[in-house]
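Below you'll find the structure, written out as structure tokens, and then a few comments.
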Amino acid sequence: MHASTLAYATRLFLAATLALTFARWLGLSNIYWAAMPVWVVIQPNREDMALRAVLRVAGTLVGAGIGIAALRWLPVPGIALTVALTAAIGVGIAYRIGTHWAYGFTLMAITIGVVVMPALGMGAEAIPLALDRVYCTLIGVASVTAVNWLFTPARAVPMAPRPNPHFAQQLWIRMAAVATLTGAATLLDAHFSHPAATAAGLSVVVFSAVLGSMPNPRPAVRFLVPGVALGVLAAVSYRTLAPLTGGDPAAPLILAFAFIAGGALLRAHPRTSLMGIDINMCFLLAGEIGAPGHSLPVIAAGAATMFLTSAAIAALMFFLSHLHPPLETA
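Per my numbering, the very first residue in the sequence shown carries number 79; after that it's consecutive.
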């Protein structure tokens, strides 16, 4: 393996483990969210990494605020409508912008689901949950930026212009699809009240927002399903091995670090970089890394649901991207 790839993987590993360790030291509930920003905030150029860091925090704050307001003041149908509209608007604006500046709107679309789904499906308290996510986001962003800042070069060329704006039909198709998917997922999550249903709802929000906001999601779709499959398999393997580590409360987290080391190598290698994002994110989310977590059967059910949902969303977005595709730039 090339020395630069190994160095890149080492920095990713340090940023992720530092974020998890600090979140655990602060006593946050779902510390795995602290490592989430590491895999996507890092960028080849320093300016892009700084922009992503700021937009990650801004999108998280806005999405969490809308989610809390909906949970406090609206009935379930109103909450579902709010999630649907927020996700669709976020994806629509992100798709319309089509550059790094779109990232904040994508995070807004994702975060409202992250706040709402557990509160509806598992009865989690909305405000502590939202604050926990915000704190974890701040920790993850600070960690990846601090570890990688000095090693990330400044941009050598200007940022690419946004794509050709003549894609109104594709824009409305995607917004309608995201609104329908996220609204239905919210209603189903509230109705079934099971961790697997919540995992499905979160997967719908995350995958539809990420793929829906991309100008051309087809390259990402190719890696999504195998990446999710490997991520959830790693999560189930981790939860199978964790009880064998003994009574030391730090041992499961150390075991998770071994999985993260492998995930960092996959994220750093050019051939597996896109897949590595999905592997690491799904491992952290499905495995509930660093949290007490649910039983192994529940974890496995949630992992299977996440995989099936990702496959369905990938197929849908691949199909939609062929309907009135955006014109090539001149």
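All C-beta atoms in this analysis are idealised placements derived from N, C-alpha and C, irrespective of residue type, glycine included. All values derive from a computational prediction rather than experimental measurement.
Restricting attention to alpha helix (DSSP H) runs no shorter than 4 residues, the region 370–407 encloses them at 374–398, ordered along the chain.
Of the residues L331, V288, A378 and L302, the one whose Cα lies closest to the Cα of S315 is A378. A contact between stretches requires three or more CB pairs, one per stretch, nearer than 8 angstroms, and the region 225–239 fails this requirement with the region 144–164. Comparing alpha carbon positions, the residue from A277, P273, A257 and A278 closest to G290 is A257. The beta carbon of A346 lies closer than 8 angstroms to those of T83, L84, Y86, A87, L90 and G354 in the same chain, with the five residues before and after it left out. Around the beta carbon of S271, fewer than 16 other beta carbons sit within 10 angstroms, so the residue counts as exposed. By the beta-carbon neighbour count (other beta carbons within 10 angstroms, threshold 16), M253 is buried.
By the criterion of at least three beta-carbon pairs nearer than 8 angstroms, the region 95–115 is in contact with the region 348–362.
M237 carries a coil assignment under DSSP once its states are collapsed to helix, strand and coil. Cβ-Cβ distances below 7 angstroms link M384 to A277, S281, V306, V310, C360 and A364 in the same chain, with the five nearest sequence neighbours on each side left out; the list follows chain order.
Inter-residue distance for A262 and G182 is about 24 angstroms (C-alpha atoms, whole angstroms). Sequence-distant partners of G199 (beyond 5 residues in either direction) whose C-beta falls short of 8 angstroms from its own C-beta, in its chain, are D267, A268, F270, S271, H272, P273, A275, T276 and G279. Across the set A255, G105, W103 and R134, the C-alpha of R134 shows the shortest separation from the C-alpha of V116.
Under the DSSP assignment, E125 falls in the alpha helix (DSSP H) whose first and last residues are R124 to W151.
Under the three-state reduction of DSSP output, H178 falls in the helix class.
Annotation for R102: I109, L331 and G368 place their beta carbon closer than 7 angstroms to its own, counting only its chain and skipping 5 residues before and after. If the five residues before and after G218 are omitted, its C-beta is found closer than 7 angstroms to the C-beta atoms of A97, A112, A113, M114, P115 and V116, all from its own chain and listed in chain order.
With a minimum length of 4 residues, the unbroken runs of alpha helix (DSSP H) contained wholly in the region 262–291 fall at 273–291.
Between V303 and A392, the C-beta spacing is below 8 angstroms. For a cut-off of 8 angstroms, the C-beta gap from V212 to L139 is around 6 angstroms, short enough to register as a contact. When the alpha-carbon of M292 is set against those of P327, V376, L209 and V169, the nearest one is in V169.
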